[in-house]
Amino acid sequence: MPELPEVETIRQGLLPVLVGQRIAWVRLRRKALRWPFPENLAERLTDACVRSVSRRAKFLLITLDRGETLLMHFGMSGRVVVVPAASVQGQSPGVFYHSAPRTVAHDHLILGLQSGATVVLNDPRRFGAVDLAPTDAVSEHPWLAGLGPEPFDEAFSQAYLADVFRSRHAPVKTLLLDQRIVAGLGNIYATEALFRAGIHPARPGGSIGRVRLSRLVQAIRSVLSEAIAAGGSSLRDYAQADGTLGYFQHAFQVYDREGGACLRPGCRGTIARIVQAGRSTWYCPKCQR
DNA sequence: CTCAGCTCCTGCGGGC
DNA sequence: TGCCCGCAGGAGCTGA
7 MPELPEVETI RQGLLPVLVG QRIAWVRLRR KALRWPFPEN LAERLTDACV
57 RSVSRRAKFL LITLDRGETL LMHFGMSGRV VVVPAASVQG QSPGVFYHSA
107 PRTVAHDHLI LGLQSGATVV LNDPRRFGAV DLAPTDAVSE HPWLAGLGPE
157 PFDEAFSQAY LADVFRSRHA PVKTLLLDQR IVAGLGNIYA TEALFRAGIH
207 PARPGGSIGR VRLSRLVQAI RSVLSEAIAA GGSSLRDYAQ ADGTLGYFQH
257 AFQVYDREGG ACLRPGCRGT IARIVQAGRS TWYCPKCQR
């Protein structure tokens with residue numbers, strides 16, 4: 007699930023739950039996800055206060071008051087579940103709420119807050135990861151050091167893409183998934199952005215002209231910002247519906263729509279599916295060139 | 001260096 | 001109904 011818009015939505019949902027809170031207790035239900043948890047993780051978190059919750063690419067960063075920052079990556083199936091304190095009223099978007107006793111399968115890291123709320127990292131496939139880094143050197147952490155620009159950063163521009171795509175022969179779709187080129191895109195939004203930009207996913211990156219690269223930058227930004235907006239609103243429903251709906255899925259124009267009619271007005275194309283570098287890509291052969 | 005295949009892991013939906 | 005297969009929102013590693 008978690009690409010940039012989902013992690014951003016989680017971040018926004020966690021802000022009112024976490025910021026200013028003391029972590030009263032920590033429970034670790036295994037020693038590792040994709041990689042081992044850091045040494046003494048529970049001890050290093052216990053009694054720390056949360057200063058801020060931020061995001062870089064698909065990483066959630068929880069800054070603590072003891073000079074350390076907790077880094078979280080959600081892999082393919084990671085989720086944050088909040089069990090509110092009995093006295094807490096209302097819900098905030100971005101996180102999943104459970105008031106009834108929850109199934110604890112795949113709950114790996116549990117943070118008990120002073121407020122009485124509990125924040126749970128749940129990840130069935132365990133491709134996610136957790137680490138701690140010195141706050142003043144977070145950007146030098148190996149997970150973050152090589153990341154490309156954020157899509158909404160000025161540095162992510164047509165000129166930048168032209169530069170990094172130059173002499174690249176790999177399909178543009180594959181290049182967009184490379185976090186060193188642009189940080190935060192995953193399979194869904196790379197696929198959707200190429201549809202919006204009218205660019206064929208198999209086109210070699212280096213063969214795309216300036217005008218179309220400019221369109222691609224705008225398409226990436228628009229699909230991500232719309233997804234963040236939709237995520238925020240639909241997650242309120244999600245919380246009530248107990249987790250069966252997706253965030254932005256009602257708005258997918260090509261993702262997982264093989265055989266469906268192209269949704270671009272006037273286009274009579276049929277959505278096709280191909281596999282690139284092991285990942286499915288969907289596109290309209292008529293309007294993506 | 002670039003590129004693509006394989007791998008980690010669990011769950012679910014479709015086909016038979 | 002139940003079983004088996006393919007596939008899933010990520011990304012590091014390996015080897016051509």
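For the first sequence, the positions run 7 to 295 when the working numbering is used.
Each residue gets a CB set at the ideal place from its N, CA and C atoms; glycine is no exception.
- Assigned with DSSP and collapsed to three states, Ile205 falls in coil, not helix or strand.
- Inside the stretch 22–100, DSSP marks whole beta strand (DSSP E) runs of 3 or more residues at positions 29–34, 56–62, 65–70, 74–79, 85–89, from first to last along the chain.
- Under the DSSP assignment, Gln164 falls outside any beta strand (DSSP E), being part of the alpha helix (DSSP H) whose first and last residues are 164–171.
- Setting aside the 5 residues that flank it on each side, Gly190 is surrounded in the same chain by Glu9, Leu10, Ala63, Lys64, Glu156, Pro157, each with a C-beta closer than 7 Å to its C-beta; the list follows chain order.
- Nearest neighbour of Phe258 by Cα position, chosen from Val25, Leu200, Leu150, turns out to be Leu200.
- Across the set Ile205, Gly154, Leu153, the C-alpha of Ile205 shows the shortest separation from the C-alpha of Val178.
- Secondary structure at Pro210: strand, using DSSP grouped into helix, strand and coil.
- Buried is the label assigned to Gly154, since at least 16 other Cβ atoms lie within 10 Å of its Cβ.
- By the CB criterion at 9 Å, Ser60 and Leu51 fall outside the cutoff.
- With at least 16 other beta carbons inside 10 angstroms of its own, Gly211 counts as buried.
- Put simply, the backbone Cα of Tyr166 is about 13 Å away from that of Arg218.
- CA-CA distance, Gly26 to Ala143, rounds to 22 Å.
- Listed in chain order, the non-local C-beta contacts of Val260 below 7 Å within the same chain comprise Thr197, Glu198, Phe201, Ile277, Trp288, Tyr289, Cys290, local neighbours out to five positions each way being set aside.
- Collapsing the DSSP output to three states places Ser121 in coil.
- Sequence-distant partners of Asp137 (beyond 5 residues in either direction) whose C-beta falls short of 6 Å from its own C-beta, in its chain, are Pro44, Leu77.
- Thr287: member of the beta strand (DSSP E) spanning 285–289, first to last residue.
- With the rule of 3 Cβ pairs closer than 8 Å, the stretch 230–238 does not count as touching the stretch 265–274.
- Per DSSP, the continuous beta strand (DSSP E) segment holding Pro140 begins and ends at 135–140.
- Counting other Cβ atoms within 10 Å of its Cβ, Val13 reaches 16 or more and is therefore classed as buried.
- Close CB contacts of Arg35 within its chain, under the 8 Å cut and outside five residues either way in sequence, are with Val110, Asp113, His114, Leu115, Ile116 (chain order).
- Per the C-alpha coordinates, the member of Gly265, Asn128, Gly84 positioned closest to Arg33 is Asn128.
- Its Cα nearest to that of Val86, the residue Gly19 stands out among Gly19, Ser213, Ser286, Val281.
- Counting the other CB atoms within 10 Å of its CB gives Arg40 a total below 16, which places it among the exposed residues.
- For Val281, the enclosing beta strand (DSSP E) has its first and last residue at 278–282.
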